[in-house]
Amino acid sequence: MIDFSTQYLGLKLNGPVVVSSTPLSESIDNVRRMEDSGASAIVLHSLFEEQLALESRTLDDDLSRGTESFAESLGYLPDLKDYRMTQEGYLEHLRQCKEAVRIPIMGSLNGATTGGWVRFAKDMEQAGADAIELNTYALATDKRQTSADLEGQLLELVTAVTSAVKVPVAVKLSQWFTSLPHLVSQLEEAGARGVVLFNRFYQPDFDIETLEVRPTLHFSKPSELLPRLHWAAILYGHVNLDIAITGGVHSAEDVLKSIMAGGGVVLMASALHIHGIDHIRKVLDDMHYWLEKREYTSLWETRGCLSRRSVPDTSAFDRGNYIKTLSSYSLRQTVGAF
Ligand SMILES: Cc1cc2nc3c(=O)[nH]c(=O)nc-3n(C[C@H](O)[C@H](O)[C@H](O)COP(=O)(O)O)c2cc1C
């Protein structure tokens with residue numbers, strides 16, 4: 079029997095597959111099935127900054143900060159008449175999940191700026207959340223806003239949340255930061271225990287008939303895993319906080335690659351929507367088979383073996399790889415292909 083047990087955010091987990099934030103965990107039956115299938119923890123769906131501010135009637139205060147994007151996003155809020163999406167409904171659901179299963183349950187907060195809404199992290203903690211995942215999705219649409227402004231805002235938010243709670247906080251990041259290693263080390267100083275690589279970038283689509291811009295959500299593809307592997311491999315060994323990978327993890331091979339890059343756990347959503355919750359069991363069984371065949375006794379023997387600090391040729395992760403990849407593509411191949 080291969081040992082899959084691990085630690086994430088200081089929590090003891092029985093394996094590397096965590097269920098990522100998705101509406102699938104809005105049902106207690108599903109939450110039980112996730113545990114039965116081998117999920118080692120569950121991150122619940124998110125509550126949004128805008129939603130919390132609106133419900134707490136602090137909207138006027140928040141709007142007076144002049145954040146246009148805040149006002150714009152109100153139109154897209156989940157239906158507050160849906161009890162599960164209210165603060166009390168969310169906390170009640172969290173309590174029910176805690177009663178239903180033994181694996182850790184993490185609350186998810188989704189926002190971009192500090193404000194009274196971060197107090198909800200404390201409510202999640204009191205309702206029994208074992209950890210908080212903070213999804214920070216901010217887009218720069220104003221030319222006066224610098225990268226340093228955005229990073230400063232993020233660090234302020236993370237500090238506000240980590241100071242509000244005792245449970246560990248993981249920060250789910252966008253991949254579009256200029257110097258990720260520097261930012262991640264600052265997040266560590268701000269009290270984060272882990273980073274989740276990466277939030278997916280949900281680009282809107284254009285309808286050329288109605289001339290409308292429409293929100294779109296496609297499930298991920300395994301090819302989306304590559305930038306996550308790349309950054310996990312660079313960060314591993316350089317920062318002390320935990321690295322989790324989300325985005326494009328669909329199969330046992332994807333989980334193994336994530337651990338080899340230096341990830342401590344993977345967070346899966348799309349594959350469970352596509353194949354069903356029982357897919358977790360198949361992924362774990364396939365990993366078991368692969369590792370046993372190669373005589374590993376623990377999954378963690380593979381941890382970080384393909385990280386930047388472990389491979390002999392670090393240029394594979396740097397500019398050298400860029401040059402090598404482009405120059406290895408021969409013109410003759412291209413000519414032959416057309
Ligand atoms: C239907 C759906 C709903 C999601 N809702 C949330 C959410 O509320 N909060 C959040 O942080 N991530 C949310 N996500 C993102 C997932 O948690 C996950 O990080 C992302 O989809 C990448 O993982 P995947 O490739 O396994 O889908 C959602 C994803 C899907 C597919």
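Quick note, the sequence shown lines up with residues 79 to 416 if you use our numbering. Where a beta carbon is used, it is the ideal one built from N, C-alpha and C, also for glycine.
I want to check one thing, is the minimum distance from the CB of residue i to the heavy atoms of ligand 1 below 7 Å?
i, result
"K250", "yes"
"R278", "yes"
"F198", "no"
"S118", "no"
"L295", "yes"
"P101", "yes"
"H57", "What the structure shows of the chain is the stretch from 79 to 416, and residue 57 is not part of that stretch, so it cannot be assessed."
"H351", "yes"
"T324", "yes"
"N108", "no"
"V273", "no"
"E370", "no"
"M112", "no"
"A43", "Because the chain is modelled from 79 through 416, residue 43 falls outside the range shown and cannot be assessed."
Out of the options, which one is the CA nearest neighbour of residue i?
i, options, result
"Y314", "L334, I323, G341 and P300", "G341"
"I80", "A394, S393, W368 and A238", "W368"
"A117", "V333, T294 and M338", "V333"
"L295", "S385, D396, E267 and A347", "A347"
"Q281", "E128, P293, G206 and S298", "P293"
"E211", "E166, L125, R372 and G193", "L125"
"C175", "H123, T192, G194 and A226", "H123"
Rounded to whole angstroms, what's the CA-CA distance from residue i to residue j? Just pull it up for me.
i, j, result
"G93", "Y215", "28 Å"
"L217", "T375", "44 Å"
"G144", "G189", "Because the pLDDT of G144 is 49, which lies under 50, any placement of that residue in the model is unreliable, and the number read from its coordinates should be weighed accordingly. The straight-line gap from Cα to Cα measures roughly 16 Å."
"R381", "E290", "46 Å"
"V109", "V196", "26 Å"
"V317", "V262", "7 Å"
"G354", "K200", "33 Å"
"A119", "I286", "42 Å"
"L350", "S103", "11 Å"
"L232", "V243", "17 Å"
"E302", "G326", "5 Å"
"L132", "G206", "24 Å"
"R173", "V179", "10 Å"
"L362", "T288", "46 Å"
"G194", "M202", "14 Å"
"R372", "E331", "14 Å"
"L141", "Q165", "Summary for L141: the model assigns pLDDT 49, below 50, so the residue's position carries little reliability, and this model does not support an answer."
Give the C-beta separation of residue i and residue j to the nearest angstrom, bearing in mind that I take them to be a contact with Cβ-Cβ under 8 Å.
i, j, result
"F82", "L377", "5 Å"
"L319", "V273", "6 Å"
"Y86", "V343", "5 Å"
"A311", "L228", "With 8 Å as the limit, A311 and L228 do not qualify as a contact, their Cβ atoms being about 25 Å apart."
"F297", "I352", "6 Å"
"A209", "V247", "7 Å"
So the beta strand (DSSP E) residue i belongs to, where does it begin and stop?
i, result
"E290", "E290 to R292"
"D283", "D283 to D285"
"M202", "Where M202 is concerned, there is no enclosing beta strand (DSSP E), although the alpha helix (DSSP H) it sits in stretches over F198 to Q204."
"N188", "I183 to G189"
Check for me: the alpha helix (DSSP H) holding residue i runs from which residue to which?
i, result
"V333", "A330 to A339"
"D363", "H357 to K371"
"E211", "Per DSSP, E211 belongs to no alpha helix (DSSP H); it is in the beta strand (DSSP E), A209 to T214."
"M112", "I106 to S115"
"A311", "L303 to L313"
"I352", "S348 to H353"
"I80", "Note, I80: premise wrong, no alpha helix (DSSP H); not H, not E."
"D227", "S225 to A242"
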